[in-house]
Amino acid sequence: MSIEVNGTSYATDENGYLLNLGEWTEDVAKKLAEVEEIDMTEEHWNLVNFLRGYYEEYQIAPAVKILTKAIANEKGMDKKDASEFLYKLFPKGPALQACKVAGLPKPTGCV
Amino acid sequence: MSKKIVVLGGGTGGTIVANNLRRHLPKDWEITLIDRDDRHIYQPGMLFVPFGIQKANTLVRSRKKYILPDVNFVIDEITHIDPDKKEVKTKKHKFSYDFLVISTGCKVVPEENDGLMEAWGKNAFSFYTIEGAEMLHKKLKEFDGGKLVMNIAELPFKCPVAPIEFVFLADWYFKNRGIRHKTEIEFVTPLPGAFTKPKASAVFIESAKSKNIKITTSFELNAVNGKEKYIESIKGDKVSFDTLVVVPSTIGDKVISDSGMDDGIGYVPTHHNTLKALKHDGIYVIGDATNVPTSKAGSVAHYEADVVVFNIMSEIHGVKPEEIYDGHSTCFIVYSKGTSSLIDFNYKIEPLHGMFPAPKFGPFSLLKETKMNWYGKLGFEWLYWNVLLAGRHLGAPPTLVMAGKEVG
């Protein structure tokens, strides 16, 4: 499978995750978000950039718990509000949907 | 080099590594293993305790007894790791090292889940500690019908197949007691399926269906309400229960986060294939303490031990560590007292059908409920205490073997 952005074709896996992390650009992210029916706001971009930074540093997508903690710290929210905030941005789940837009491989959870 | 190796944590991974290194290295290498207590728990057995299949006191043995005498075993609380100074502090001592092996594991923290402690031991239970498993055993003995819910609070958690085994065993147990017809069983998970790997997930969902076990997926636990007997997800969905069995939130050891070496939840960022700490030289990480994307399970710690020993030996001989580990994991999945399934997989290859460990002959069948697999599960306990912990080899490589597996 693949997606088309500005006349260039980018390979994805069968679930629509970008195969080559290095091919990610903001335009590619916009296209991936469009497929997921997500309107990218600044908050979306912040999260996507956090995910990419984390992946670069740790070579793995962060657990949802890490995302929630980071948001709770940054915004001064409690855990529940931070979780709700995350799900508002990416309704199908921050792990699956946000990682897709960020160009990371599909998270495998703990198994 | 001062020739000192320090191993933190004497569970499955730490014990195997310490023993194995002791066998490989000459006497001028000093190997120290530190743990807070002398209680080695055979963790796979905890699943059996609630159903009365195994007694809790048979699961605990002395760590010291399984550590070679030439390994310096220290019982003390580890308080700080300083990767720059290459030094570990405990309450009473200080240890310097050339190589450090972190095998500090992970633990459940029910106090992190809203409302769980209020219901703890009343109508909410867990079998992830010895004490918890015993409490649940008492509860299940008194159980006289109603709704049993098995919930996984969040990812990552330890032994991803255990909750599935728990509901299968509950089905068997309640049938045995003649109360299955008045018992509802529901499995509530944050995962999008019964398991993350598609083929195995499909098999487990089919098995659950045939046992009349309801599966609710993509449920991120927000709070437990023991008084009104329901759990609520972040999205606001509710699942009611009479008895709740939960895998609480799980985090890595406090000393990892206190030393500023963790990924945010207590696990050490670890190279997926060399098992070296990503940010520190001279440190290897093994078992539940790593953040590598495979199961937090004993088989993983065991396979990783071989790789960690190999790479430390390589570095001692001036060779770079090799990218050997592939995420290999092997797990029995018990269906009832007398039958079990088995899965074998790695980072890239999902569990497949076939025979294990020998092609055609097995004797174990993959992704299939058989009696032989159950005997394997039972026999494994002996193997664990008498062969594996000693760091002896079974003749198989630590990585996944494709022979015997059905592809496609």
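Residue numbers (the numbering used here), protein chains in the order written: chain A, -4 to 106; chain B, 32 to 439. C-beta atoms are modelled at their ideal positions from N, C-alpha and C, and glycine is treated no differently.
Can you tell which of B:Pro388, B:Ile282, B:His55 has its C-alpha closest to the C-alpha of Tyr159 (chain B)? B:Ile282
Please name the residue or residues paired with Pro388 (chain B) in a DSSP beta bridge. B:Pro394
Given a cut-off of 7 Å, decide if Asp34 (chain A) and Val0 (chain A) are closer than it, judged by their beta-carbon atoms. no
Given a threshold of 16 other Cβ atoms within 10 Å of its Cβ, counted over all protein chains shown, does Glu173 (chain B) qualify as buried or as exposed? exposed
Given this structure, state the Cα-to-Cα distance separating Ile364 (chain B) from Ser264 (chain B), to the nearest angstrom. 27 Å
Considering Thr281 (chain B), what are the terminal residues of the beta strand (DSSP E) in which it resides? 281 to 283
Tell me, please, whether the CB atom of Pro229 (chain B) is closer than 7 Å to any CB atom in chain A? no
With a threshold of 7 Å between beta-carbons, can Glu185 (chain B) be considered close to chain A, or not? yes
Does any residue of chain B have a CB that is nearer than 7 Å to the CB of Ala24 (chain A)? no
Cross-chain neighbours of Ile108 (chain A) in chain B, by beta carbon under 9 Å: Limits of chain A in this structure are -4 at one end and 106 at the other, which puts residue 108 (chain A) out of reach.
Cβ distance (whole Å) where Glu31 (chain A) is taken to contact Lys83 (chain A) below 8 Å: No, Glu31 (chain A) and Lys83 (chain A) are not in contact; Cβ-Cβ is about 14 Å, not under 8 Å.
Taking the CB atoms as reference points, tell me whether Gly44 (chain B) and Ile317 (chain B) lie closer together than 7 Å. yes
How would you label Asp73 (chain A), buried or exposed, when you count the other beta carbons within 10 angstroms and need 16 or more for buried? exposed
Do you know offhand how far Tyr53 (chain A)'s Cα is from Glu37 (chain A)'s? 24 Å
Can you check whether the C-beta of Ile265 (chain B) is within less than 7 Å of a C-beta belonging to chain E? In the displayed structure, chain E is absent; the protein chains listed are A and B.
What is the DSSP secondary structure of Phe126 (chain B), reduced to helix, strand or coil? strand
In three-state terms, what does DSSP make of Val48 (chain B)? helix
Rounded to whole angstroms, what's the CA-CA distance from Ser330 (chain B) to Glu400 (chain B)? Just pull it up for me. 20 Å
In chain A, what lies closer than 8 Å to His359 (chain B) by C-beta? The contacting residues do not exist; His359 (chain B) stays about 13 Å from chain A at best.
Quick check on Cys105 (chain A) - is its C-beta less than 7 Å from some C-beta in chain B? Residue placement at Cys105 (chain A) is poorly supported in this model, since its pLDDT is 41, which falls under 50; the coordinates are not used for a value here.
In terms of DSSP beta bridges, what is Leu252 (chain B) paired with? B:Ser264
Considering only C-alpha positions, which residue in the set B:Asp284, B:Lys266, B:Glu354 is nearest to His303 (chain B)? B:Glu354
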